[in-house]
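Letter by letter, the sequence shown follows residues 25 to 126 of my numbering.
The beta carbon of each residue, even a glycine, is placed where N, CA and C say it ideally should be.
Here the structure is laid out as structure tokens; the discussion comes afterwards.
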Amino acid sequence: MLFCKEILYPLFSGVGCFLSLNISLIVIVCNRKVALWGSVYLDAHGEEDRNLRRGKPLFLSKRRIEKLTADWMMQSFEYLIVNFFNFDHLISYLRDAHYMLQ
Numbered sequence: 025m026l027f028c029k030e031i032l033y034p035l036f037s038g039v040g041c042f043l044s045l046n047i048s049l050i051v052i053v054c055n056r057k058v059a060l061w062g063s064v065y066l067d068a069h070g071e072e073d074r075n076l077r078r079g080k081p082l083f084l085s086k087r088r089i090e091k092l093t094a095d096w097m098m099q100s101f102e103y104l105i106v107n108f109f110n111f112d113h114l115i116s117y118l119r120d121a122h123y124m125l126q
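Written as structure tokens, this is what we have:
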């Protein structure tokens with residue numbers, strides 16, 4: 025999270041998009057608020073494997089990448105129907121993401 029505080033805010037106006045490798049979810053940081061966007065990796069049935077618990081092969085979803093790219097280009101993250109929360113709680117939300125998003 026040090027990267028977000030020291031690099032993201034001064035260089036990128038506080039907006040960033042990251043893949044959390046431990047849970048396979050995209051993390052959106054927008055003006056000191058954070059949201060879990062979803063995953064760009066889906067299994068053969070088109071389902072997310074949050075926290076990588078099922079151990080099935082995952083594939084990069086072209087449709088999800090296109091949606092994420094469109095959201096990024098339009099900088100429309102603040103208008104998405106996602107729950108933004110305080111940046112200081114990011115670590116606990118990532119740890120509990122599997123339970124929150126079911």
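Simplified DSSP assignment, three categories, for residue i
i, result
"A94", "helix"
"F111", "helix"
"I82", "Sequence check: residue 82 is Leu here, not Ile. L82 falls in the coil class under three-state DSSP."
"I89", "helix"
Between the CA atoms of residue j and residue i - distance to the nearest angstrom
i, j, result
"S63", "L45", "10 Å"
"L43", "I89", "12 Å"
From the options, residue whose alpha carbon lies closest to that of residue i
i, options, result
"G40", "F109, Q99, N107 and D112", "Q99"
"E71", "L92, L60 and S85", "S85"
Residue i, enclosing beta strand (DSSP E) - first and last residue
i, result
"L43", "V39 to S44"
"G62", "K57 to G62"
Cutoff 8 Å; reference residue i; Cβ partners in own chain excluding five residues on either side
i, result
"D67", "D73, R78, K80, P81, L82 and F83"
Same chain, Cβ closer than 6 Å to residue i, neighbours up to 5 away in sequence not counted
i, result
"K57", "F108"
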